[in-house]
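Everything below concerns the one structure shown next.
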Amino acid sequence: MPTPAHRHLDRAARLWSAIRRYGIFEAAVVVVAFLIYFTVRSMVVGRAGEAMVRAFNLIELEQQLHIYWELRMQAWILDSYWAIKAMNWIYFWGHMPLVALLAVWLFVFHRRAYYRTRNAFLASGAIGVVIYWLFPVAPPRLVPFSGFIDTMAAFDRFGYNAQETEAFVNPFAAVPSLHFGWALLLGAVVAWVGRNPAAVAFGIAWPVAMFFAVVMTGNHFILDAVLGGIVSFAGFGIALLIERWWPAIRGALTARLLALEPVE
164 MPTPAHRHLD RAARLWSAIR RYGIFEAAVV VVAFLIYFTV RSMVVGRAGE
214 AMVRAFNLIE LEQQLHIYWE LRMQAWILDS YWAIKAMNWI YFWGHMPLVA
264 LLAVWLFVFH RRAYYRTRNA FLASGAIGVV IYWLFPVAPP RLVPFSGFID
314 TMAAFDRFGY NAQETEAFVN PFAAVPSLHF GWALLLGAVV AWVGRNPAAV
364 AFGIAWPVAM FFAVVMTGNH FILDAVLGGI VSFAGFGIAL LIERWWPAIR
414 GALTARLLAL EPVE
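164 is the number of the first residue of the sequence shown in my numbering; add one for each residue after it.
This is how it looks when you write it as structure tokens:
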């Protein structure tokens, strides 16, 4: 005969299953993550001086590595209005709007891959937020006398105004570039779960396009993108560890709760 503790756990399990099934928990996670990001953002917006110094140091490092190609890459599109618009479009619409769309697709059709990817995003986002807080770095477009043009500000007022909304953007979150890192991570997930030529093509094309977009729009340095990829896949590694160990942790917690039931 089920004990009161078993009945309470069974009701809690059914409630938790319903919450997850209808996406209530996922919405709550997004809200909490946004609030954390907003709090961290408010801590770094006044640290422009150190963010600029780090950006100059990053330029020097890329020059030493002979990969300071950002100005040359941006010059490739400056003579073409439509090339600029295309890079702006990819940078803005290929980030959160497309991530949200693919998250819904994964949640509906590939639930296990969705949870793994969500955990990877949260873990890499947490790593990124800590780095943004400890080491704010200005993007190329904000570095004075560097020669970069802010293509979003010059050619896409809608995207620029949305991008600059204070509640959503940390202006000194150049390193790591989760714009690129998440595109790379989600592209790999789409290619893996799709397992057809179209999915694989998308999984390759999207991060490649995002890499050029983040650089050519003046929003990130090349090393920002490299570090973004590293952080995103570190988050994926953490997600795999969570997936592996969570059942054991959940079982131990359940056993502990049952052990606390008073003896009648």
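Glycine included, C-beta positions come from ideal geometry on N, C-alpha and C.
Spatial neighbours of residue i within its chain, please: CB distance less than 8 angstroms, with the 5 preceding and 5 following residues excluded, ordered by chain position.
i       : result
Gly-288 : Ala-196, Tyr-200, Leu-341, Gly-398
Tyr-365 : A quick correction: the sequence has Phe, not Tyr, at residue 365. Answer for Phe-365: Gly-350, Val-353, Ala-354, Gly-357, listed in chain order.
Tyr-244 : Phe-318
Val-306 : Met-215, Ala-218, Phe-219, Ile-222
What's the C-alpha gap between residue i and residue j?
i       : j       : result
Phe-396 : Ala-354 : 15 angstroms
Ala-346 : Val-271 : 20 angstroms
Trp-179 : Ala-191 : The predicted model places Trp-179 with a pLDDT of 47, which falls under 50 and marks its position as unreliable, so this point remains unresolved.
Glu-189 : Asn-333 : 23 angstroms
Leu-228 : Val-389 : 13 angstroms
Arg-210 : Pro-360 : 46 angstroms
Gly-310 : Leu-269 : 41 angstroms
Lys-248 : Tyr-231 : 24 angstroms
Ala-263 : Ile-405 : 22 angstroms
Gly-292 : Ala-286 : Checking the displayed sequence, the identity of residue 292 turns out to be Val instead of Gly. The straight-line gap from Cα to Cα measures roughly 10 angstroms.
Phe-374 : Gly-344 : 9 angstroms
Ile-313 : Asn-382 : Looking at the sequence itself, residue 313 is Asp, so the reference to Ile does not match. If you take the alpha carbons of Asp-313 and Asn-382, they lie about 8 angstroms apart.
Ile-367 : Leu-386 : 20 angstroms
Arg-279 : Ala-362 : 18 angstroms
Arg-407 : Ile-187 : 24 angstroms
Val-193 : Leu-297 : 23 angstroms
Pick out whichever of the options has its Cα sitting closest to the Cα of residue i.
i       : options                            : result
Ala-337 : Glu-223, Arg-304, Ile-240          : Arg-304
Phe-308 : Ile-405, Leu-403, Leu-234          : Leu-234
Gln-226 : Phe-384, Leu-403, Gly-400          : Phe-384
Met-315 : Ile-405, Ile-187, Thr-380          : Thr-380
Ala-266 : Asn-359, Glu-223, Arg-281          : Arg-281
Leu-403 : Asn-220, Met-250, Arg-275          : Arg-275
Met-236 : Glu-406, Trp-408, Val-377, Gly-400 : Val-377
Leu-348 : Pro-302, Ile-401, Ala-283          : Ala-283
Trp-256 : Ile-401, Trp-369, Ala-362          : Trp-369
Exposed or buried, which one is residue i when buried takes at least 16 other CB atoms within 10 Å?
i       : result
Tyr-277 : buried
Pro-339 : buried
Tyr-295 : buried
Met-142 : Residue 142 is absent from the structure shown; the chain starts at 164 and stops at 427.
Gly-392 : buried
Pro-260 : exposed
Kindly indicate which three-state DSSP category residue i falls into: helix, strand or coil?
i       : result
Ala-351 : helix
Val-338 : coil
Val-193 : helix
Val-377 : helix
Asn-306 : The amino acid at residue 306 is misidentified as Asn; the sequence shows Val. It is coil, neither helix nor strand.
Go through its chain and collect everything with a Cβ distance to residue i's Cβ below 7 angstroms, but skip five positions before and after it.
i       : result
His-258 : His-342
Val-300 : Ala-214, Arg-217, Ala-218, Leu-221, Phe-335, Ala-337, Val-338
Ile-290 : Val-394, Ala-397, Gly-398
Ala-246 : Ile-240
Beta-carbon within less than 6 angstroms of residue i's beta-carbon, same chain only, minus the 5 sequence neighbours each way: which residues are those?
i       : result
Ala-372 : Ile-253
Arg-273 : The identity of residue 273 in the sequence shown is His, whereas the question assumes Arg. Val-356.
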